[in-house]
Amino acid sequence: MDTTGAAALGGRRVLELADEKGVYCGKLLADMGADVIKVERPGGDATRQIPPFVRDEPDPDGSLFFLYTNTSKRGVTLDLGRAEGQDLFRRLARTADLVVETFAPGRLDGLGLGYASLSAANPGLVLTSITGFGQTGPHRDFRPADIVASALGGSMYVTGEAEDPPVRLAGSQAYVAASVAAAASSLIALYHSSASGRGQHVDISIEEVTTSVTHICGVGKWLDDGIIPRRSGTGLFASVPSGTYPCRDGTVYLMVNRPLHWKALAQWIHEETGNQEVLDPIFEGPSSSRQPVRELIDVFVGDLTRRFTVDAIYHEAQRRHLAVTPLNTAAAVARDPHLAARSYCVEVEHPKAGRLKQPGAPYRHSETPWSVSRPAPGVGQHNEDVFCGELGVPEATLHSFRSGGIL
Amino acid sequence: MTQALAGLRVVEFTAAMAGPWIGRFLAYCGAEAIRIESKQHPDVVRLYVPPRAPELGTQPQLSPWFTDWNAGKRFAALDLTHPRAVELAKGLVAKCDVVIENYSTGVMDKLGLGYADLKPVNPRLVMLSTSGYGDRGPCRDYVTWGPNIEALSGLGALSGLPSRECAITQYAYPDALSALHGLFAVMCALDHRNRTGAGQYISLSQFETTVAALGPVMMELLVNGREPQRPGNGSLHAAPHGCYRCAGEDRWCAIAVSSDAEWERLREVLDDPAWARDPRFATRAARLENAAELDRRIEEWTRERTPGEVMLRLQSAGIAAGVVQNVEDQLRHDPQLRARRFFEEIDHLKKGRVVATGVPLGLTGTPGRSGRAGAALGQDNDYVFGTLLGMTPGEIQECIELGAIETPDDPQGAVPSRPP
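Just so you know, the sequences run in chain order G and W.
Start counting the first sequence at -17; every next residue gets the next number (our numbering).
Start counting the second sequence at 22; every next residue gets the next number (our numbering).
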């Protein structure tokens, strides 16, 4: 047994054939120590063109999206439409534990690189496909987009103000959530593969992940109360009070979920504003008892929050064990003292783009810490290391592949 | 067929959503998940008053969220302020692989069940704590729910229409997001343990997880020093891109056109109207420049049609489009979710059968199973303390009388143990 294992996924090899739907999956694996080899088309993937760019200068090594989502990976190029490219990929796949791909369903099979073909040579291999709607079903060939999955997955219908159109979240969260589910499911499949010797095809549908993520507004609630959830601003339908409230210099989010918390809030409102009515026992109990007077309760809460600055009410509310947090801009997150005390953000030195400050570990492992082991790769940066150094392809062959457009 | 995580055992000290979801997913994949609860600190999700029968009062077994998020688990009840209960909990931990907890920061330590207490009992243990702020730092004791994290992380203010201050979800997105990250984090630690034999402790801060999920957006500020614009439904690199009103009450279709070739196909679907030949829409850059007018033109077309028709006509032309579905659309009218049997019917001890949202892990070789819906506090005491810990009925009774083991409130719910 290897007892060193400084990285959680040290020794796992992953091949990534992913566009923006799945690159975060590869990043999660790579930052935990897997050897993730990103396979791009010759000249580099289209995700290198996603704006904005470092210093707003368009450059294949300057896309902020690309730089963030490809940390700790190595990069090679291959034309998978050509026999030589397919052969190299097949050889690479024999050395891998996992392949993550985001092609339209059937495309890998069409290239002779589908699960049946790859697993014949490597029975323990896990192939994870991340697609808009899954590998089966009448919509499997539908074109996906983050906003389209957010729409079909039910998240948009319930997000935004009642009088506005439905709205999607920043940062392509349908893709992000699907990528995390794919990463977790891949490791579950590898757990089984390590025990049984049998890999499998993991079929992630972004529509399904989004539907799962919106569960609080999902079928269980609807079948129980007969109310189809729709957009209703910033408050959560089930919690009263909840939502954004104005302060002297900004906005906070406040949520009450327990009878005890309501009593503490009501007492504070009373102390601060002199409001007597708020102490009326008819408002006590679970949120359901305040649901019919939600707007009145919001007025009471607003009278309190308006008296404070964001910072003052945040910490005073928390001193009273009330769930109040600031509505932060990106700039406020960047200077947040708690994150700073935890040294959350990291700086990654990139040979072309320079020092890049970025969000750090999403979780803290005591023995195998998350870390960025290298910056996002340049186009084909590791072609020689991987193809010559590891697969034993002669240098001369590699040169002819390069001039022939296979790399 | 065997399940992927058959043989793995998980003990949960959890409440609400972010913790229980992890156990739910592990149980779905074949792990045995045992949830410890106590009456002194009931899960907020159990404080459920059925909206159609409020006269029944609080019904801890009827919450559709509780039953779904806890499907497939065993339920044991312990008063962890009692030393004997802590001993029993440790006995369970000694026999398990994974502990998941999302009590307030520091509570497990105070109970004598922190990682420092549990590691000697089980050095191979993987333990995950998930909380708003993580286990250290000046705000570690602060209280949050999912939507608080949306505000705190920037997700709220970075999302929404440009005319608004923010958008906050109705579904506590950070709870789900951090549960998925937590599941991944646990599987990483198990991969490491299976290779080295060593367990470890994982602390997850939902604040940090959510900021990480916004990475590229945050880097606009961290690298370029500029507060990102609230994008609404638009895109920096695709136009038209948005949510378009369709025929009917509150009906909408999302459309995303990312290339000139797709734009040409969209023009064909629209019967190549004169306005679409305007040079202001000829290239992607031009369309991005004139996106607002483009959106108005497209909406003139979509609002005459149902969202289903818009989606099918555009998808037939190879253009990304999708109905903005509500929950009824998803359950009753979505042929894709139906063909893939995404929604499941699962057993519920009091309701008979309930519809549960599927678990989107796509394990085609080792399909998951949802098991029994979440049941009563202490439902499976006999199995957990009798079968698993080997206690005799007399010993269990003694612990009940001591107050260490708690019994289910609702005798109807106390069906003899059967596999969940």
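The beta carbon of each residue, even a glycine, is placed where N, CA and C say it ideally should be.
Quick caveat, the model's predicted, so the values are computed rather than measured.
Item	Value
Selected residue, minimal CA-CA separation from residue 390 of chain W, among W/42, W/44, W/49	W/49
Beta-carbon contacts of residue 330 of chain G that lie in its chain and below 7 Å, excluding the five residues immediately before and after	53, 338, 340, 354, 357
Close beta carbons around residue 38 of chain W, own chain, < 8 Å, minus the five adjacent residues each side	66, 86, 90, 167, 193, 196, 197, 200
Residues sharing a beta bridge with residue 389 of chain W, DSSP	Looking at the DSSP assignment, residue 389 of chain W forms no beta bridge with any residue, so it has no partner.
Rounded C-alpha distance that separates residue 454 of chain W from residue 241 of chain G	Lying outside 22 to 441, the shown extent of chain W, residue 454 of chain W is not represented and no answer is given.
Outcome for residue 281 of chain G when other beta-carbon atoms lying within 10 angstroms are tallied against a minimum of 16	exposed
Euclidean distance between Cα positions of residue 101 of chain W and residue 260 of chain G	35 Å
Anticipated Cβ contact below 8 Å, residue 239 of chain G with residue 269 of chain G, distance rounded	7 Å
Simplified DSSP assignment, three categories, for residue 273 of chain W	strand
Chain W contacts made by the region 296 to 317 of chain G, where a contact means CB separation under 8 Å	300, 303, 304, 305, 306, 307, 308, 309, 310, 311, 312, 313, 314, 315, 316
Segments of 3+ residues assigned as beta strand (DSSP E) that fall wholly inside the region 317 to 391 of chain W	341 to 344, 365 to 369, 373 to 377
Any C-beta of chain G under 8 Å from that of residue 354 of chain W	no
Distance, residue 55 of chain W Cα to residue -15 of chain G Cα	Below a pLDDT of 50, predicted positions are generally treated as unreliable, and residue -15 of chain G, at 42, falls in that range; no measurement from the model is reported.
Host alpha helix (DSSP H) of residue 145 of chain W (start-end)	Unbroken run through residue 145 of chain W: none, as it is neither H nor E.
Same chain, Cβ closer than 7 Å to residue 439 of chain W, neighbours up to 5 away in sequence not counted	Here residue 439 of chain W scores only 48 on pLDDT, less than 50, and its place in the model should not be relied on; the value that follows carries that caveat. Excluding positions up to five away in sequence, the list is empty.
Per-residue burial, residue 412 of chain G [other beta carbons within 10 Å of its own, 16 or more giving buried]	Only positions -17 to 389 of chain G appear in the structure, and residue 412 of chain G is not among them; the question remains open.
Listed by chain order, chain A residues near residue 205 of chain W by CB distance under 7 Å	Of the chains in the structure shown, none is chain A; the protein chains are G and W.
Interface flag, residue 226 of chain G vs chain W, CB-CB below 8 Å	yes
Buried or exposed (CB count within 10 angstroms, at least 16 for buried), residue 126 of chain W	buried
The region 205 to 225 of chain G contacting the region 25 to 32 of chain G, beta-carbon criterion three pairs below 8 Å	no
Residue 112 of chain G vs residue 161 of chain G beta-carbon contact at 8 Å	yes
Distance between residue 327 of chain G and residue 17 of chain G (C-alpha atoms, nearest Å)	23 Å
The region 115 to 138 of chain G: positions lying closer than 9 Å to chain W by Cβ	115, 116, 117, 118, 119, 120, 121, 122, 123, 124, 125, 126, 127, 128, 129, 130, 131, 132, 133, 134, 135, 136, 137, 138
Residues within the region 322 to 347 of chain W neighbouring chain G, beta-carbon criterion of under 8 Å	336, 339, 340, 341, 342, 343, 344, 345, 346, 347
Burial state of residue -17 of chain G (16 or more Cβ within 10 Å)	The pLDDT assigned to residue -17 of chain G is 40, lower than 50, so where the model puts this residue is not dependable; a value taken from the coordinates is nonetheless given after this. Flag for residue -17 of chain G reads exposed.
Span of the beta strand (DSSP E) around residue 97 of chain W	94 to 98
Top-ranked residue by Cα proximity to residue 359 of chain W, from G/97, G/189, G/67	G/189
Three-way DSSP call (helix, strand, coil) for residue 201 of chain G in this model	helix
Any chain G beta carbon closer than 8 Å to residue 273 of chain W	yes
Status (buried if at least 16 other CB within 10 Å, exposed otherwise) for residue 56 of chain G	buried
Collapsed DSSP secondary structure at residue 67 of chain G in the structure displayed	helix
CA-to-CA distance, residue 163 of chain W to residue 435 of chain W, given in whole angstroms	Low local confidence applies: a pLDDT of 43 at residue 435 of chain W is under 50, so the model's placement there is unreliable, with the coordinate-based value given in what follows. Each residue's alpha carbon lies about 37 Å from the other.
Distance, residue 119 of chain G Cα to residue 361 of chain W Cα	6 Å
Exposure label - residue 395 of chain W; buried when at least 16 CB within 10 Å	buried
Inter-residue CB distance, residue 58 of chain W and residue 31 of chain W (contact presumed, cutoff 8 Å)	Residue 58 of chain W to residue 31 of chain W, Cβ: 15 Å. No contact.
Between the CA atoms of residue 265 of chain W and residue 319 of chain W - distance to the nearest angstrom	8 Å
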